[in-house]
Amino acid sequence: MPFVVLLDGEPKLKLNKAELETFIWVPYEEVFQSKGTVQFSFGKVPAYIFADGIVWGITYNILSEFIEAVETTRNKFFVVK
């Protein structure tokens, strides 16, 4: 389950391996520069490719929908240059 938070820095986290395998911190603006595809044995899939990891599958879909919702809303209220 992806979470979106606004922070001034990266907090120290203790990962519960029973609930979550891994996580990565990604600045919001970096997401727009990271869209691509990755090759698996079953074929190519869309993904966000970051230095610290790859987001694909259902997490990719959730993140894509979130970004679309934020950008659609933001564009209604702010002038984007």
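End of the sequence shown = 170 in my numbering, gap-free, step of one. No residue lacks a Cβ here, since even glycine has one placed at the ideal position from N, Cα and C.
Would the segment 98 to 109 count as touching the segment 136 to 145 if we require 3 or more Cβ pairs under 8 Å? no
Sufficient close CB pairs (3 or more, under 8 Å) joining the segment 152 to 160 to the segment 126 to 133: no
Under the DSSP definition of a beta bridge, which residues are partnered with Trp145? If you number the sequence shown from 1, residue 145 lands on position 56. Per DSSP, Ala136.
Around the C-beta of Tyr137, are 16 or more other C-beta atoms found within 10 angstroms, so that it is buried, or is it exposed? One-based indexing of the sequence shown puts residue 137 at position 48. Looking at its Cβ environment, which holds 16 or more other Cβ atoms inside 10 Å, Tyr137 is buried.
CA-CA distance, Gly98 and Pro116? Counted from its first residue, the sequence shown places residue 98 at position 9. Counted from its first residue, the sequence shown places residue 116 at position 27. Cα to Cα, Gly98 sits roughly 11 Å from Pro116.
Please determine, among Thr111, Glu160, Lys165, Thr162, the residue with the shortest C-alpha to C-alpha distance to Thr148. Taking the sequence shown and counting its residues from 1, one reaches residue 148 at position 59. Answer by Cα proximity: Thr111.
Go ahead and pull the three-state DSSP assignment for Thr111. The residue given as residue 111 occupies position 22 in the sequence shown. In the structure shown, Thr111 sits in coil (DSSP, three-state: anything other than H, G, I, E or B).
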